[in-house]
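Novice: Counting from 19, one number per residue, gives the positions in the sequence shown under this note's numbering. Built from N, CA and C at the ideal position, the CB exists for glycine as well.
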Amino acid sequence: MKIAVSAKGTDLTSEVDPRFGRAAYILIVDTDTFDFEVIDNSNNSKAFKGAGIQAASNVCERGAKVLLTGYCGPKAFDVVEAAGIKVVSDMEGKVKDAVDIFLSGNFSYTNSANAFAHW
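(1) For residue 56, which of 36, 69, 80 has the nearest alpha-carbon?
(2) Near residue 52, which residues of its chain fall below 8 Å by C-beta distance, leaving aside the five closest residues on each side in sequence?
(3) Please classify residue 124 as buried or exposed, where buried requires at least 16 neighbouring CB atoms within 10 angstroms.
(4) Would residue 127 be called buried (16 or more neighbouring beta carbons within 10 Å of its own) or exposed?
(5) Run through the DSSP bridge pairs and tell me what residue 85 is partnered with.
(6) Give the secondary structure of residue 45 by DSSP, where H, G and I count as helix, E and B as strand, and everything else as coil.
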């Protein structure tokens, strides 16, 4: 399964970026092999508006089924939810740790955005 993780860096030892739409990077991780693709999200991190929507669109296009992040705003949440992507909020630590938590089943999916628009 492919999962998306908001990240401050470009590898699995990077810290989870608490912001989804304005994260520096988004890693698309294959949970079977831990192979990953890096999405450079730097253009969105500086966007005046629409950062969450664009980041969510990038995740949808890569075929992710789950998003692991700290905070997800309402517009981004609506996009990923419409695409059938489940969201796990309040993630922190290293990307690999977040993926391990997901694989262990020690998490809960969120039912709504947990950040205000333009956070």
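Specialist: Taking the coordinates as given:
(1) 80
(2) 30, 114, 117
(3) Answer is exposed; the Cβ neighbour count stays below 16.
(4) exposed
(5) In the DSSP assignment, residue 85 forms a beta bridge with 22, 105.
(6) If DSSP states are grouped into helix, strand and coil, residue 45 belongs with the strands.
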